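Going by this note's numbering, the residue at position 350 of the sequence shown is 366; the numbering climbs one at a time, nothing skipped.
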Amino acid sequence: PRGRPGGSPPRPPRVRRAAGRVGAGGAARAVRDVDPEHGCRADGLRTDPDPGRRQRRRTGDRPSRRHARALPRGRRARLGRAPGFHARAIVILDRAIVRLLPAVPRPVVQKLSERYIAGAELKDARETVRRLNAQEKMATIDVLGEEITNEDEAAAIVRAYLDVFADIERCKLDSNVSVKLTGLGLTLGHDICRANLETVVVDAASRGNFVRIDMEDSSTTDDTLQLYRELRAAGHDNVGVVLQATLRRTLSDIRDLADLRPSVRLCKGIYVEPPEIAYRDFGAVRANYVRSLEALLDAGCYVGIATHDEWLVGEGKRLVKERGLEPAQYEFQMLLGVRDDLGGRLVRERHRLRIYVPFGRQWYEYSIRRLQENPRIAGYIAADTIGRFVPGRRNGA
C-alpha cells in the first residue's frame, strides 16, 4: 500500500550509514561550485576556481565533451553562460510580473490559479484529492485563510479543518492536512493558537490522521517550533513540522529536534529573508538542502522531500538509496499543478508522492499575497505555464 489512510507515516527504524556513502561534507563538495562559500561571491556572481576554464570562455573555446560529462549536472548546464546576466534579468521580469498583478482582472487570476488551487469549497478539494489518489498520489489539504484578525475567524478555520477530517474519513481519501499557525491565531496569542492547534490534532488522532504544521516567515519560526515541541511533550505524535533550507539556522534546528525524531517536510522556502539569516544564492540553498536532508535521514526522521528542483530530487533519491530506505520510510512532496511530469516519473519509479492541495474562499487573496511575498514565485508560475506549451521549458524550485 502507498500509505496509511490518514497519510501519517510509520516511524522508521534508525538507519546505519551505508558503506562508502558520501557524508555531509561530500554533499557540500558535490554542490561546491554553486555555494558562495566555495566559489561564489556574496552578490551571486561566480568567482571561478578554475582560471583555465575561465580563460577558455574568454577565447570562445568550449570545454571538451569529455570534460563537460565529468561535471555535476547543474554546472554542466551553466557552461558558457554569462554568470550574472540571466539571474538579474529573471529578477527584473519577476518584479515586473508582480507590479502588474493589481491590474490583472480577477477572472484571469482565477484562471491562472486553478491549476495550483483546488477551488473555493471543500468539495473542490475532495474531487482534486480523489483524482490524485487515482493516480497513486497522496495529498495534504490546506484550508486557506492564514491572515486572521480575531478569535472568531480562527475558530472558523478550526471548524473547517474538522470538516476536512470528516470528509477524508467518509470518502476514504489518502490525505492528511497542513495548517498555518497564523490561521489558528498565532498573532492573537500563544495560548489561543495552542488550544486551536490541539483541537485540530486531537480530532485528527481520533480518525487516524496526521497534521503538518507549515513553516511561515522567519518571524514565526521560534513560536512554530516551540508549539510543535509542546504538542509532542503532551503525547501528540500525529503531528509534524516544516523546515526551510533557505534559513541558515536549519541545521541547528535539526540537531535540537533530533531527540524527537520528528516527521519533517524539508523545503527550500518561499519567503525573502534578510541575508544575515538566510541564504540568497540559488546554489547555497541547494547545498544547505542536501546537508539538511542528510542530517534528517541520519537522525532517523521521516522526511517529506519537498521540491520541484530535478537536481534535488536526484540527490534525494541518491541519499535514500545509500541508506537502504524502503519507500514507506520517506516521501517526495510537490505543489498541486507544478511539475506534473516529474511527479509522474517519481510515482512510476514507486516513490511515494504527496501533493499539496490548498482550497478556500480566500483563494484570490492567497494568490496575490504569495506572489507579492516572493516575486520569484510569480516568475516560476509564468515559466511553468509557458512550459506547458514550449517543449523543454522547465524550472526548478
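C-beta atoms are modelled at their ideal positions from N, C-alpha and C, and glycine is treated no differently. Since this is a predicted model, take the numbers as computed values, not measurements.
Original post:
Considering only residues of the stretch 229-255, which uninterrupted beta strand (DSSP E) runs meet the minimum length of 3 residues and lie entirely inside it, listed in chain order?
Top reply: none
**OP:** Would you identify the three-state DSSP class for F375, choosing helix, strand or coil?
**Re:** strand
**OP:** Compare the beta carbon distance of R302 and L328 with 8 Å and say whether it is the shorter of the two.
**Re:** yes
Original post:
Is it the case that the Cβ atoms of V288 and V257 are separated by a distance below 8 Å?
Top reply: no
**OP:** Taking all protein chains shown into account, decide if R307 is buried (16 or more other Cβ within 10 angstroms of its Cβ) or exposed.
**Re:** buried
Original post:
Should P374 be labelled buried (16 or more other beta-carbon atoms within 10 Å of its own) or exposed?
Top reply: buried
Subject >> Pair within 8 Å by beta-carbon distance, I157 and V180 >> reply: yes
**OP:** In angstroms with no decimal places, state the Cα-to-Cα distance between A150 and D219.
**Re:** 26 Å
**OP:** Below 8 Å CB to CB, which residues in the same chain sit around R142 once its five sequence neighbours on both sides are set aside?
**Re:** D183, C187, L189
Original post:
What is the rounded straight-line gap between the Cα of Y244 and the Cα of L358?
Top reply: 31 Å
Original post:
Which same chain residues, not among the five before or five after P17, have their C-beta less than 6 Å away from its C-beta?
Top reply: For P17, the pLDDT reaches just 45, beneath the cut-off of 50, and the residue's location in the model is therefore unreliable, leaving the point undetermined.
Original post:
Excluding five sequence neighbours on each side, which residues of the same chain lie with their C-beta closer than 6 Å to the C-beta of G161?
Top reply: I173, G199, G376, Q378
**OP:** Identify whether A211 lies in helix, strand or coil by the three-state DSSP scheme.
**Re:** helix
Original post:
Any idea what DSSP makes of A136, helix, strand or coil?
Top reply: coil
Subject >> Chain-order list of residues whose beta-carbon lies under 6 Å from that of Y382 (same chain, five-residue window excluded) >> reply: L160
**OP:** Counting only the same chain and skipping the five closest in sequence on each side, list residues whose C-beta sits under 6 Å from that of L178.
**Re:** D219
Subject >> Residues bridged to L369 (per DSSP) >> reply: F348
Subject >> N-terminal and C-terminal residue of the beta strand (DSSP E) that V195 is part of >> reply: 191-195
**OP:** Closer than 6 Å by C-beta to G320: which residues in its own chain qualify, once you throw out the five before and the five after it? Chain order, please.
**Re:** R281, E347, Q349
Subject >> Buried/exposed call for P278, threshold 16 Cβ in 10 Å >> reply: buried
Original post:
Do the stretch 194-209 and the stretch 230-245 meet, that is, are 3 or more Cβ pairs less than 8 Å apart?
Top reply: yes
Subject >> CB-CB length for N192 against R146, believed under 8 Å >> reply: Not confirmed; about 15 Å, so no contact.
Subject >> Cutoff 6 Å; reference L331; Cβ partners in own chain excluding five residues on either side >> reply: Residue identity differs from the one stated: residue 331 is Glu in this sequence, not Leu. Taken in chain order, the residues that qualify are V306.
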